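Beneath this line is the structure, given in structure tokens, with notes to follow.
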Amino acid sequence: MTRPMTAERTSASAGGTPAARLITWYDRHHRRLPWRLAPEAIRQGQRPDPYAVWLSEIMLQQTTVGAVKPYFDAFMARWPTVEALAAAETEDVMKAWAGLGYYSRARNLKKCADEVAARYGGVFPDTEAGLKALPGIGDYTAAAIAAIAFGRPAAVVDGNVERVVSRLDAIETPLPAAKPEIRKAVAAMVPTDRPGDFAQAMMDLGATICTPRRPSCILCPLIEDCTAQRLGAPERFPLKAPKAEKPVRKGAAFVAIREDGAVLLRRRPEKGLLGGMSEVPTSHWTARLDGANEATAAPFPAHWSDSGVVTHVFTHFKLRLSVFRTTVADMAAPSGHWWSAPTALDGEALPTVMKKAIEAAIPGATKAKRGMAGK
DNA sequence: TAAACGTGGCC
DNA sequence: TGGCCAAGTTT
Numbered sequence: 001m002t003r004p005m006t007a008e009r010t011s012a013s014a015g016g017t018p019a020a021r022l023i024t025w026y027d028r029h030h031r032r033l034p035w036r037l038a039p040e041a042i043r044q045g046q047r048p049d050p051y052a053v054w055l056s057e058i059m060l061q062q063t064t065v066g067a068v069k070p071y072f073d074a075f076m077a078r079w080p081t082v083e084a085l086a087a088a089e090t091e092d093v094m095k096a097w098a099g100l101g102y103y104s105r106a107r108n109l110k111k112c113a114d115e116v117a118a119r120y121g122g123v124f125p126d127t128e129a130g131l132k133a134l135p136g137i138g139d140y141t142a143a144a145i146a147a148i149a150f151g152r153p154a155a156v157v158d159g160n161v162e163r164v165v166s167r168l169d170a171i172e173t174p175l176p177a178a179k180p181e182i183r184k185a186v187a188a189m190v191p192t193d194r195p196g197d198f199a200q201a202m203m204d205l206g207a208t209i210c211t212p213r214r215p216s217c218i219l220c221p222l223i224e225d226c227t228a229q230r231l232g233a234p235e236r237f238p239l240k241a242p243k244a245e246k247p248v249r250k251g252a253a254f255v256a257i258r259e260d261g262a263v264l265l266r267r268r269p270e271k272g273l274l275g276g277m278s279e280v281p282t283s284h285w286t287a288r289l290d291g292a293n294e295a296t297a298a299p300f301p302a303h304w305s306d307s308g309v310v311t312h313v314f315t316h317f318k319l320r321l322s323v324f325r326t327t328v329a330d331m332a333a334p335s336g337h338w339w340s341a342p343t344a345l346d347g348e349a350l351p352t353v354m355k356k357a358i359e360a361a362i363p364g365a366t367k368a369k370r371g372m373a374g375k
């Protein structure tokens, strides 16, 4: 006589542990992404290209999957290997990264490729410690590459995992103070079999089921493991420390247009905001803007006409940029500046805020959105 | 430890 | 519309 099977054992997503239930769910509901190997291939022992995993992980830092996809495809097509990227010009990498944001990632991407090519013969280190020593690779990315590309049982903790675990355990400590507690909980869950898929399953669960707002608990493979769900308040977690208010800064941008339509550009300093990217000449960005500031900030004396105000929100402040334009006859670019032809503009390393400014002065000049505010 | 560091989508 | 959020790292 057989004993009755428990509800858990007869469930379609049955498994002995939360990790097993999650993997079973992942095999059926995983997202198909360009940098990812299908679970069927993983189960057969295949592993994804570490270069593709690394590239995707750097691009995905604080960035949505949808935003990353076209950039990932473009980079893989143009630089298919880490050696190819190491052989590239940093300037070309910055241009290809333009629009994706957090530009220190691009600079570190190039540095990392250089180091892997020169020091490791083009082969990525296969340990968390080795990976973390490389530029642009921190705790999360080192663990993610170690698990996904090399099958290491690393504790991969990103924003998704923080949310999933804080709900599973109904963690009352607010982020970021709760990070050590969450890391410990994840480390205890990681299976030795398919740790990379476990990590990606946790992230897929957070991205598609255990979402910040209105989570689809009814579809969750871990519903019976979830304390927050049991409390009837999954959305209450994770608790977060209050965020600082964003100050407003103001400045002026100067769009100089040559008779043939070329626009005057210059390079920003390597470090700091939009480091190493290109821009139209701008004033200093300060709390207040007066006429004297504008006059002294113009790249050369001219009749600068008002082209309105562009607003842009950065991570830690809001910017209101007054845009001015002038048209000049053929003239030499001032020192440190260059003229960029209309056809060359979209290939420049222009961050989105600068495309907005140019767009305000020359509608249709770039592919950027207008982003106009009343002037 | 906290601040700096981009952008676009969503409600 | 404005705040929140997204596969974080560096200093």
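Everything in the first sequence is counted per UniProt numbering, starting at 1 for the first residue and increasing by one.
Even glycine gets a Cβ: it sits at the ideal position worked out from N, Cα and C.
Just so you know, these numbers come straight off a predicted model, no measurement behind them.
- With the rule of 3 Cβ pairs closer than 8 Å, the region 166-175 does not count as touching the region 142-156.
- Counting along the chain, Asp-330 sits inside no alpha helix (DSSP H), nor does DSSP assign it H or E at all.
- In the three-state reduction of the DSSP assignment, Gly-364 falls in the coil class, being assigned neither a helical nor a strand state.
- With respect to the 7 Å criterion, Ala-361 and Arg-325 are classified as neighbours on the basis of their beta carbons.
- Here the C-alpha atom of Ser-278 lies approximately 51 Å from the C-alpha atom of Leu-231.
- Burial state of Gln-44 is exposed, judged by a 10 Å Cβ sphere holding fewer than 16 other Cβ atoms.
- Annotated three-state conformation of Arg-236 is helix, per DSSP.
- Remark: C-beta atoms of Pro-234 and Ala-241 do not approach each other more closely than 7 Å.
- Under DSSP, Arg-21 forms no beta bridge with any residue.
- Apart from the 5 residues on each side of it in sequence, Arg-105 sits with its Cβ closer than 8 Å to the Cβ of Ile-58, Met-59, Gln-61, Trp-97 and Gly-136 in its chain, given in chain order.
- Among the bridge pairs identified by DSSP, Trp-339 is matched with Leu-264.
- Judged by beta-carbon spacing, Thr-327 lies beyond the 7 Å limit of Leu-345, meaning their Cβ atoms are not closer than that value.
- Nearest Cα to Leu-100 within the set Ser-305, Pro-221 and Phe-314: Phe-314.
- Restricting attention to Arg-47, Ser-322 and Trp-54, the CA atom closest to the CA of Pro-281 is found in Ser-322.
- Looking at Ala-117, Arg-268, Gly-122 and Ala-146, the one whose alpha-carbon comes closest to that of Ala-129 is Ala-146.
- Between Ala-52 and Trp-25, the gap from beta carbon to beta carbon reaches 7 Å or more.
- Residue state for Arg-320 is assigned as strand, using DSSP reduced to three classes.
- Within the same chain, Cβ atoms closer than 7 Å to the Cβ of Phe-300 are found at Pro-334, the five residues on either side in sequence being excluded.
- Under the DSSP definition of a beta bridge, Leu-85 lacks any partner.
- For Ala-253, the CB contacts under 6 Å within the same chain, skipping 5 residues up- and downstream, are Val-280, Thr-282, Leu-321, Val-323 and Ala-357 in chain order.
- Contact between Leu-274 and Tyr-103 holds, since their C-beta atoms are separated by about 6 Å, short of 8 Å.
- Taking C-beta separations shorter than 8 Å and ignoring five residues to either side along the sequence, the partners of Ala-133 in its chain run Pro-125, following chain order.
- Taking all protein chains in view, the Cβ of Met-331 is surrounded by fewer than 16 other Cβ atoms within 10 Å, so the residue is classified as exposed.
- With 16 or more other CB atoms across the displayed protein chains lying within 10 angstroms of its CB, Lys-250 is buried.
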